[in-house]
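Undergrad:
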Amino acid sequence: MQKQPVPDTGQIPSTVPGDSIEVVPLRHPVRLALAVVLVLVAASALWDVAVNQRYHWDVVVSYLFAPQILTGAGLTLVLTAVSMTVGVILGTVLAIMRLSANPIVSTISRGYIWFFRGTPLLVQLIFWYNIAALYPVLSLGLPFGGPSVAIGSANVLITPLTAALLGLSLNEAAYMAEIIRGGIGSVDRGQHDAARALGMNGTTLMLRVILPQAMRVVLPPTGNQVISMLKGTSLVSVLAISDLLYSAQIIYATNYQTIPLLIVASLWYLLMTTVLTFFQNKLERRYGRGFDAAPRRVRRPRTGAAR
Amino acid sequence: MSGAMVEALGVRKSFGSTEILKGIDLTVERGSVTSLIGPSGSGKTTFLRCINHLEKVDAGRLSVDGQTVGYEERGGRLHEMKERQTARQRLNAGMVFQRFNLFPHMTVLENIVEAPTRVLRRPRDEVSAEAQVLLDRVGLGNRGHSYPQELSGGQQQRIAIARALAMKPKLMLFDEPTSALDPELVGEVLDVMKSLAEAGMTMVVVTHELGFARQVCDQVVFMDGGVVVESGAPADVLDAPKEERTQAFLSKVL
Chain U
2 MQKQPVPDTG QIPSTVPGDS IEVVPLRHPV RLALAVVLVL VAASALWDVA VNQRYHWDVV
62 VSYLFAPQIL TGAGLTLVLT AVSMTVGVIL GTVLAIMRLS ANPIVSTISR GYIWFFRGTP
122 LLVQLIFWYN IAALYPVLSL GLPFGGPSVA IGSANVLITP LTAALLGLSL NEAAYMAEII
182 RGGIGSVDRG QHDAARALGM NGTTLMLRVI LPQAMRVVLP PTGNQVISML KGTSLVSVLA
242 ISDLLYSAQI IYATNYQTIP LLIVASLWYL LMTTVLTFFQ NKLERRYGRG FDAAPRRVRR
302 PRTGAAR
Chain L
9 MSGAMVEALG VRKSFGSTEI LKGIDLTVER GSVTSLIGPS GSGKTTFLRC INHLEKVDAG
69 RLSVDGQTVG YEERGGRLHE MKERQTARQR LNAGMVFQRF NLFPHMTVLE NIVEAPTRVL
129 RRPRDEVSAE AQVLLDRVGL GNRGHSYPQE LSGGQQQRIA IARALAMKPK LMLFDEPTSA
189 LDPELVGEVL DVMKSLAEAG MTMVVVTHEL GFARQVCDQV VFMDGGVVVE SGAPADVLDA
249 PKEERTQAFL SKVL
């Protein structure tokens, strides 16, 4: 049998042979010296930033809550929220397609992921923005030149915002699909058997048994995705959408206070990232229930015939 | 419907080019307890999974409660069933696995209540009350709000039995239910199974616990190499085996 290692609690063992022996903890002089040096370096850097006039902290403060900046931050949040939501839903569908027994279905998913991960997001955004060059009129109808109903001019329908949302969502779905596929794959096969044996159909099995367990594995990389999406939305400034970064750029284009305004934008990005990380931690705790409660005891199946 | 609970006639199953079941003939009477014994790779578990259609039968005929498993007879041909029909048919049998396979993200009570409410669409209050009775029956009445992870293997397996019983199956299938347990926890699970057998449940048990087979089972089936080598009353098969292969197996195990 394998012995459980004694957990290292950092405490002095309670049963010392010969009760009265004094225990001297190991000292770490190098560790202490290093810590002092690091604190000094960090403090001096902060002090320098604080007193350096060229940072123009007064300008930073005066623009921190400027209406243009606030609207930009709001738009950045909306872009992130919508693109992430669409990305997660479409990504889940793509992940399930990718795992399908039907080779056509899984190949389509594979192709989608290959294409959207393989081309730069910036190119995709500009592509959607210029879709009118390929399809001047958007219409719904039968394929191979059958009858169709025109919906409207692509130039009117695909606004910069629509193009941005299309580009960000469709790109995100490809990444989320791979993350969710990994999560689904991490769930034990026995869970499928148990759910099937209880009479569950594929949908109930997925929604009630597999996906909730996959969430535990899916959440940390998804948190990463949300945060890179939040900052990735700054790419849409090429479509002249006044998100947080573009709003800051518009302001410094007129007053030449480039650095202070970039600091303003960065502070808002930092704040939003911090809030998102907080929610990520809460969600991780929620979906970790039943997994993190107690350390897992490994039981090896006994091969009966041998005993 | 009268007749046997499980009837197998020439059941065959292959994985790729490996034939695991090479024509199984077996009858399990209503209210009886059958144990499947035999060396690893003999096809016991595969056959058990076929009864619940977790594996598709390739040839032969397998019926549970008079219905052909996974197929529908129409116009003299066997048509493969749709997923929904298969799911409904699986409700005939409850299954208990070697590795328990409780849903780790749900509490004990949620594990038991999930399928009756989602699959049978029965009211939650009613099912919860029944679940509590089942928990008491397996001796875990106070653990309803624990997560499976917080329980010992024996406790988890007893919960798994309660979860299967909550669907009110006509038949219970056990796939090596005590093989993953620490030796001192085997007894508590076997006790629950014994009381279930006494209550008249039809059971098919893949097991290495020959003591249990001798004490509780009406029929012992010895399988090897994908066929039934010998079957009959425990006293005959375990104590006076006729076949050489059975003798060889038992001499190693006992």
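Chains as they are written, first to last, in our numbering: chain U, 2 to 308; chain L, 9 to 262. Cβ atoms here follow ideal geometry from the backbone N, Cα and C, with glycine treated the same way. As the structure is a computational prediction, the values presented were derived from the model and not from experiment.
Using a Cβ-Cβ distance under 7 Å, would Gln227 (chain L) count as near chain U?
TA: Taking Cβ atoms only, chain U never reaches closer than 7 Å to Gln227 (chain L), which makes this a no.
Undergrad: Please list the partners that Met207 (chain U) has in chain L, where partner means a Cβ-to-Cβ separation under 8 Å.
TA: Correct list: empty, because the minimum Cβ distance to chain L is about 12 Å.
Undergrad: Within its chain, find whatever has a CB closer than 8 Å to the CB of Gln226 (chain U); leave out the 5 residues flanking it on each side and keep chain order.
TA: Closer than 8 Å at Cβ, skipping near neighbours: Met85, Gly88, Glu173, Tyr176, Met177 and Ile180.
Undergrad: Apart from the five residues on each side of it in sequence, which residues of its chain come closer than 7 Å, Cβ to Cβ, to Glu15 (chain L)?
TA: Cβ neighbours of Glu15 (chain L) beyond the five flanking positions: Thr35 and Ser71.
Undergrad: Please go through the same chain and pick out, in chain order, the residues whose beta-carbon is closer than 7 Å to the beta-carbon of Ile28 (chain L), but skip the five residues on each side of it.
TA: Result list for Ile28 (chain L): Lys21, Ser22, Gly51, Thr54 and Gly234, in chain order.
Undergrad: Closest Cβ-Cβ distance between Tyr79 (chain L) and chain U: below 7 Å?
TA: Not an interface residue.
Undergrad: Can we say the region 246–265 of chain U touches the region 57–64 of chain U, given the rule of at least three CB pairs closer than 8 Å?
TA: Output reads yes: the region 57–64 of chain U touches the region 246–265 of chain U.
Undergrad: Would the region 93–109 of chain L and the region 193–202 of chain U be scored as touching if the rule is three or more Cβ pairs under 8 Å?
TA: The answer is yes - the region 193–202 of chain U touches the region 93–109 of chain L, with three or more Cβ pairs under 8 Å.
Undergrad: Within the region 113–172 of chain L, note down every full alpha helix (DSSP H) run reaching 4 residues or more, in order along the chain.
TA: As far as the region 113–172 of chain L is concerned, its whole alpha helix (DSSP H) runs of at least 4 residues are 116–126 and 132–145.
Undergrad: Taking 7 Å as the CB-CB limit, is Leu199 (chain U) close to chain L?
TA: It does; some Cβ of chain L falls within 7 Å.
Undergrad: Which of helix, strand or coil does DSSP assign to Thr210 (chain L)?
TA: Strand at Thr210 (chain L).
Undergrad: Just the chain L side, please: which residues come within less than 8 Å of Pro213 (chain U) by C-beta, in chain order?
TA: Correct list: His113.
Undergrad: For Met103 (chain L), write down the residues that DSSP places opposite it in a beta bridge.
TA: The partner list for Met103 (chain L) (beta bridge, DSSP) reads L:Leu181.
Undergrad: Rounded to whole angstroms, what's the CA-CA distance from Val228 (chain L) to Thr204 (chain U)? Just pull it up for me.
TA: Cα to Cα, Val228 (chain L) sits roughly 38 Å from Thr204 (chain U).
Undergrad: Taking the alpha-carbon positions, what's the Thr255 (chain U) to Ala133 (chain U) distance?
TA: Taking the straight line joining both Cα atoms gives about 32 Å.
Undergrad: As a quick exercise: from L:Val121, L:Gln223 and L:Asn109, pick the residue whose alpha carbon is nearest that of Ser40 (chain L).
TA: When only C-alpha atoms are compared, the closest one is L:Gln223.
Undergrad: Beta-carbon separation of Arg99 (chain U) and Ser110 (chain U) under 7 Å?
TA: Yes.
Undergrad: In its own chain, which residues sit with a C-beta less than 7 Å from the C-beta of Met9 (chain L), not counting the 5 before and 5 after it?
TA: Reliability fails at Met9 (chain L), whose pLDDT of 48 lies under 50, so the model's placement of it is uncertain and the value that follows must be treated cautiously. So the qualifying residues of the chain are Asp73 and Gly74.
Undergrad: Taking CB distances under 7 Å as the criterion, tell me whether Met2 (chain U) reaches chain L.
TA: Caution is warranted here: a pLDDT of 44 is assigned to Met2 (chain U), below 50, making its placement in the model unreliable, and the coordinate value is therefore given only provisionally. For Met2 (chain U), the answer is no, since every Cβ of chain L falls outside 7 Å of its Cβ.
Undergrad: What are the start and end residues of the alpha helix (DSSP H) that includes Asp194 (chain U)?
TA: Note, Asp194 (chain U): alpha helix (DSSP H), Arg190 to Ala198.
Undergrad: Pick out the complete beta strand (DSSP E) segments inside the region 98–165 of chain U, 3 residues or longer, and give them in chain order.
TA: Whole beta strand (DSSP E) segments, 3+ residues: 138–142 and 149–154.
Undergrad: Mind checking Ser259 (chain L): buried by the 16 CB within 10 Å criterion, or exposed?
TA: With fewer than 16 other Cβ atoms within 10 Å, it is exposed.
Undergrad: Looking at chain U, which residues of the region 50–83 of chain L have a Cβ within less than 9 Å of any of its Cβ atoms?
TA: Of all residues in the region 50–83 of chain L, Arg57, Asn60, His61 and Leu62 have a Cβ within less than 9 Å of some Cβ in chain U.
Undergrad: Along the chain, where does the alpha helix (DSSP H) containing Ile59 (chain L) start, and where does it finish?
TA: Per DSSP, Ile59 (chain L) belongs to the alpha helix (DSSP H) from Lys52 to Ile59.
Undergrad: Between the Cα of Ile32 (chain L) and those of L:Glu196, L:Cys58 and L:Arg145, spot the shortest distance and give me the residue it belongs to.
TA: Closest option to Ile32 (chain L), Cα to Cα, is L:Cys58.
Undergrad: State the start and end residues of the unbroken alpha helix (DSSP H) segment that holds Gly219 (chain L).
TA: Counting along the chain, the alpha helix (DSSP H) containing Gly219 (chain L) begins and ends at Leu218 to Val224.
Undergrad: Can a CB atom of chain L be found closer than 7 Å to the CB of Gly291 (chain U)?
TA: Yes, Gly291 (chain U) counts as interfacial toward chain L.
Undergrad: Under 8 Å: do the region 174–189 of chain L and the region 86–93 of chain L share three or more Cβ pairs, one atom per stretch?
TA: No, the region 174–189 of chain L does not touch the region 86–93 of chain L.
Undergrad: Using the three-state DSSP reduction, which class does Gln97 (chain L) fall into: helix, strand or coil?
TA: Three-state result, Gln97 (chain L): helix.
Undergrad: Quick one: what does DSSP say Ala174 (chain L) is sitting in, helix, strand or coil?
TA: Reduced to three states, the DSSP call for Ala174 (chain L) is coil.
Undergrad: So what does DSSP say about Thr42 (chain L), is it helix, strand or coil?
TA: If DSSP states are grouped into helix, strand and coil, Thr42 (chain L) belongs with the strands.
Undergrad: Which of the three DSSP states is assigned to Asp49 (chain U) in this structure?
TA: It is helical.
Undergrad: If we ignore side chains and look at the alpha-carbon of each, how far apart do Pro148 (chain U) and Thr163 (chain U) end up?
TA: Near 26 Å, if we compare the C-alpha coordinates of Thr163 (chain U) and Pro148 (chain U).
Undergrad: Of the residues that make up the region 130–152 of chain L, which ones have a beta carbon closer than 7 Å to any beta carbon in chain U?
TA: Answer set for the region 130–152 of chain L: empty.
Undergrad: Please report the distance separating the alpha-carbon of Gln281 (chain U) from that of Pro222 (chain U).
TA: Roughly 10 Å between the two C-alpha positions.
Undergrad: Any contact of the region 235–249 of chain U with the region 128–143 of chain L, i.e. 3+ C-beta pairs under 8 Å?
TA: Not touching, per the Cβ criterion.
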